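Colleague: First the structure, then my questions, so here it is.
Residue numbers (the working numbering): 39 to 438.
Put into structure tokens, the structure is as follows:
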């Protein structure tokens, strides 16, 4: 059986995501789609709009056959860490032969050239000089890449292409048995924050509209069928402000040494965070205040999440340690195929797993569930005993 992997956040699942799932089904008839999806906290350094179970339901109804969770250490990492962890998880399933993703170009060779030059640029003396002069990693890499390949630098200026290049590099470095399968992205760019009059909108634009008070039903034309109904509550970045302030207040007595063990937190960044005590600013305000020329707001948000969730540098050093199934189609053959071929433990319920392997995911979900409860009064199911979501095939939006 042919299996295509997709790496996603689905925050929320919109028409562009559904288009990618449709194209995969169209281009490879008869194959099944295995989605690696971030849990409750995401790569932009913020909580998801809604919990992983609701987003899993969106994915299954839009055409996915099985969804597994990308652990928080990788889901909240840089583009390189995110891609490395997600590709390793797909490879560990032992049955994925292609990785599908959206990009502004559909030519794998162009992306592979850009990925190779990007790797070359990251090892150049120019890149090291720019970093020493205070540029952020991404800014220094773009400048160094422009010096060796202006066309490739322009190509990787698109966030989707940049992440695609990281996927390709991760596949090559890990020797993963899957080929890259880019699909030309339609509609607004990944970074666009404005809703178009019609057509495809970016997830960023949809989130911005929701944060500004739009109701999910008002944005239904931009969302995949069934998505608006599953956005029955919404969580925004500033909803974790109090929890973060409590953790920082406890840690700041230990000074910089108490913060630097967390992933991506340098001594300078730790000092910038500590200077903001007593942490009365909201999450987004604190991230903006701490950011600077060599610390982008996205990196600062990720660092703050790592502190909040207790994610340390060593947690990102290797790969995922288990395959946690979040959801599957009724009568799907993928779960049995993964269990037969996986190189990692396959978990359907954390109560049945080694607690040392599941602690990271349980801790993150518990914090998210507490945030949801205090904001909305809704009590999410306990992660410890929650089984995978099973979707009936007749409710597959793609097949309707």
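Backbone N, C-alpha and C define an ideal beta-carbon position, used for all residues, glycine too. What you are looking at is a predicted structure, and each value in this text was computed from that prediction instead of being measured.
Can at least three beta-carbon pairs, one atom from the stretch 59-73 and one from the stretch 89-104, be found at a separation below 8 Å?
Modeller: The stretch 59-73 vs the stretch 89-104: in contact.
Colleague: With the cut-off set at 8 Å, would you say residue 85 and residue 398 are in Cβ contact?
Modeller: Here residue 85 refers to the residue found at position 47 when the chain shown is read from its first residue. Here residue 398 refers to the residue found at position 360 when the chain shown is read from its first residue. No. Outside cutoff.
Colleague: Out of 430, 428, 402, 199, point me to the one whose CA is closest to residue 420's CA.
Modeller: To locate residue 420, count along the chain shown from 1; it is residue 382. Ranking 430, 428, 402, 199 by Cα distance to residue 420 puts 402 first.
Colleague: Looking only at C-alpha atoms, which of 152, 206, 178, 164 sits nearest to residue 191?
Modeller: Locating residue 191 in the chain shown gives position 153, where the first residue counts as 1. The option with the nearest alpha carbon to residue 191 is 152.
Colleague: Which value, in whole angstroms, describes the spacing of the CA atoms of residue 204 and residue 282?
Modeller: Here residue 204 refers to the residue found at position 166 when the chain shown is read from its first residue. Here residue 282 refers to the residue found at position 244 when the chain shown is read from its first residue. If you take the alpha carbons of residue 204 and residue 282, they lie about 30 Å apart.
Colleague: Expressed to the nearest angstrom, what Euclidean distance is found between the alpha-carbon atoms of residue 377 and residue 351?
Modeller: One-based indexing of the chain shown puts residue 377 at position 339. One-based indexing of the chain shown puts residue 351 at position 313. Between residue 377 and residue 351, the C-alpha separation is close to 30 Å.
Colleague: Suppose the cutoff is 7 Å on Cβ atoms and the five residues either side in sequence are ignored; what does the same chain contact list for residue 373 look like?
Modeller: Residue numbering aside, residue 373 sits at position 335 when the chain shown is read from its first letter. Here the set comprises 104, 363, 366.
Colleague: Assuming residue 349 and residue 274 make a contact with CB atoms under 8 Å, what is their CB distance in whole Å?
Modeller: As a position in the chain shown, residue 349 is number 311, starting the count at 1. As a position in the chain shown, residue 274 is number 236, starting the count at 1. 21 Å between Cβ atoms; not a contact.
Colleague: Between residue 346 and the rest of its own chain, which residues show a CB-CB distance below 8 Å, the 5 nearest in sequence each way excluded?
Modeller: Start at 1 with the first residue of the chain shown, and residue 346 comes out as number 308. Once the five neighbours on either side are set aside, the close Cβ partners of residue 346 are 278, 281, 282, 285, 405.
Colleague: For residue 90, which option in 155, 272, 63, 316 has the closest C-alpha, if you only look at C-alpha atoms?
Modeller: In the chain shown, the residue the question calls residue 90 occupies position 52. Checking every option, the nearest Cα to that of residue 90 belongs to 272.
Colleague: Quick check: the Cα distance between residue 427 and residue 360, rounded to an integer number of angstroms?
Modeller: Residue numbering aside, residue 427 sits at position 389 when the chain shown is read from its first letter. Residue numbering aside, residue 360 sits at position 322 when the chain shown is read from its first letter. Taking the straight line from one Cα to the other gives about 18 Å.
Colleague: Between residue 244 and residue 50, how many whole angstroms is the CB-CB distance? I'm expecting something under 8 Å.
Modeller: Counted from its first residue, the chain shown places residue 244 at position 206. Counted from its first residue, the chain shown places residue 50 at position 12. Yes, they are in contact, since the Cβ atoms of residue 244 and residue 50 sit about 6 Å apart, within 8 Å.
Colleague: Run the CB neighbour count on residue 123, radius 10 Å, all protein chains shown included, and call it buried at 16 or more, exposed below.
Modeller: The residue given as residue 123 occupies position 85 in the chain shown. Residue 123 is buried by the Cβ-count criterion.
Colleague: How about residue 159 and residue 179: do their beta carbons lie closer than 8 Å?
Modeller: As a working note, residue 159 is residue 121 in the chain shown. As a working note, residue 179 is residue 141 in the chain shown. For residue 159 and residue 179, yes; Cβs fall inside 8 Å.
Colleague: Tell me whether the stretch 59-67 and the stretch 322-332 touch, counting them as touching only if at least three CB pairs, one residue from each stretch, are closer than 8 Å.
Modeller: At 8 Å Cβ cutoff, the stretches do not touch.
Colleague: Given a threshold of 16 other Cβ atoms within 10 Å of its Cβ, counted over all protein chains shown, does residue 115 qualify as buried or as exposed?
Modeller: Position 77 of the chain shown, counted from the first residue, corresponds to residue 115. Residue 115 should be labelled buried.
Colleague: Would you please state the rounded distance, in angstroms, between the beta carbons of residue 215 and residue 382? I believe it to be under 8 Å.
Modeller: Numbered from 1 along the chain shown, position 177 holds the residue referred to as residue 215. Numbered from 1 along the chain shown, position 344 holds the residue referred to as residue 382. Actually they are not in contact, since the Cβ atoms of residue 215 and residue 382 sit about 15 Å apart, beyond 8 Å.
Colleague: Nearest to residue 47 by alpha carbon, out of 223, 41, 155, 113?
Modeller: As a working mapping, residue 47 is identified with position 9 in the chain shown. Per the Cα distances, 113.
Colleague: For residue 265, which residues from the same chain have a beta carbon less than 6 Å from its beta carbon, with the 5 sequence-adjacent residues on both sides left out?
Modeller: Sequence index remark: in the chain shown, residue 265 carries index 227 (1-based). Within the same chain, residue 265 has close Cβ partners 50, 51, 96.
Colleague: Among residues of its own chain, excluding the 5 on either side of residue 183, which ones have a beta-carbon nearer than 7 Å to its beta-carbon?
Modeller: As a first step, residue 183 is located in the chain shown; it is residue number 145 there, counting from the start. Result list for residue 183: 155, 156, 159, 190, 191, 194, in chain order.
Colleague: Counting only runs that start and end within the stretch 151-205, where is the beta strand (DSSP E) found for 3 or more residues in a row?
Modeller: Whole beta strand (DSSP E) segments, 3+ residues: zero.
Colleague: Using C-beta distances below 8 Å, list every residue in its chain close to residue 396, excluding the 5 sequence neighbours before and after it, in chain order.
Modeller: Walking along the chain shown from the start, residue 396 turns up at place 358. The answer, listed in chain order, is 360, 362, 385, 388.
Colleague: Rounded to the nearest angstrom, what separates residue 307 and residue 296 at their Cα positions?
Modeller: For the purposes of this step, residue 307 is taken as residue 269 along the chain shown, with counting starting at 1. For the purposes of this step, residue 296 is taken as residue 258 along the chain shown, with counting starting at 1. Cα to Cα, the separation comes out at about 12 Å.
Colleague: Assuming residue 92 is part of the alpha helix (DSSP H), what are its boundary residues?
Modeller: One-based indexing of the chain shown puts residue 92 at position 54. Element bounds for residue 92: 90-99.
Colleague: Mapping DSSP to helix, strand and coil, what is residue 436?
Modeller: Numbered from 1 along the chain shown, position 398 holds the residue referred to as residue 436. Reliability of the predicted coordinates at residue 436 is poor, the pLDDT of 41 falling under 50, and no value is obtained from them.
Colleague: Can you list the alpha helix (DSSP H) stretches of 4 or more residues lying completely in the stretch 221-269, in chain order?
Modeller: Correct list: 241-249, 265-268.
Colleague: Would you identify the three-state DSSP class for residue 42, choosing helix, strand or coil?
Modeller: Counted from its first residue, the chain shown places residue 42 at position 4. In the structure shown, residue 42 sits in a strand (DSSP, three-state: E or B).
Colleague: Identify which residue in 250, 88, 56 has its Cα closest to the Cα of residue 418.
Modeller: Your numbering for residue 418 matches position 380 in the chain shown. Nearest C-alpha to residue 418: 88.
Colleague: Pick from 134, 196, 254: whose alpha carbon is nearest that of residue 149?
Modeller: As a first step, residue 149 must be located in the chain shown, where it is residue number 111. Of the listed residues, the one whose Cα sits closest to residue 149 is 196.
Colleague: Flag this pair as yes or no: are the beta carbons of residue 209 and residue 134 separated by less than 8 Å?
Modeller: To locate residue 209, count along the chain shown from 1; it is residue 171. To locate residue 134, count along the chain shown from 1; it is residue 96. No, the pair does not count as a contact, with Cβ atoms beyond the cut-off.
Colleague: Let's test the definition: count the other Cβ atoms within 10 Å of the Cβ of residue 438 and tell me whether it reaches 16, buried, or not, exposed.
Modeller: Numbered from 1 along the chain shown, position 400 holds the residue referred to as residue 438. With a pLDDT of 32 at residue 438, under the threshold of 50, the modelled position of that residue is not reliable, and the figure given next carries that caveat. Looking at its Cβ environment, which holds fewer than 16 other Cβ atoms inside 10 Å, residue 438 is exposed.
Colleague: Quick one: grab the DSSP three-state call for residue 24.
Modeller: The requested residue 24 does not occur in the structure, where the chain is confined to residues 39 to 438.
Colleague: Given a threshold of 16 other Cβ atoms within 10 Å of its Cβ, counted over all protein chains shown, does residue 250 qualify as buried or as exposed?
Modeller: Position 212 of the chain shown holds residue 250. Exposed, since its Cβ has fewer than 16 Cβ neighbours within 10 Å.
Colleague: Determine the DSSP secondary structure at residue 398, reduced to helix, strand or coil.
Modeller: Taking the first residue of the chain shown as 1, we reach residue 398 at position 360. Note: residue 398 maps to helix in three-state DSSP.
Colleague: According to DSSP, which residues form a beta bridge with residue 337?
Modeller: Position 299 of the chain shown, counted from the start, is the residue given in the question as residue 337. DSSP lists no partner for residue 337.
Colleague: Does residue 48 come out as helix, strand or coil in the three-state DSSP assignment?
Modeller: Taking the chain shown and counting its residues from 1, the one referred to as residue 48 is at position 10. Residue state, collapsed to three classes: coil.
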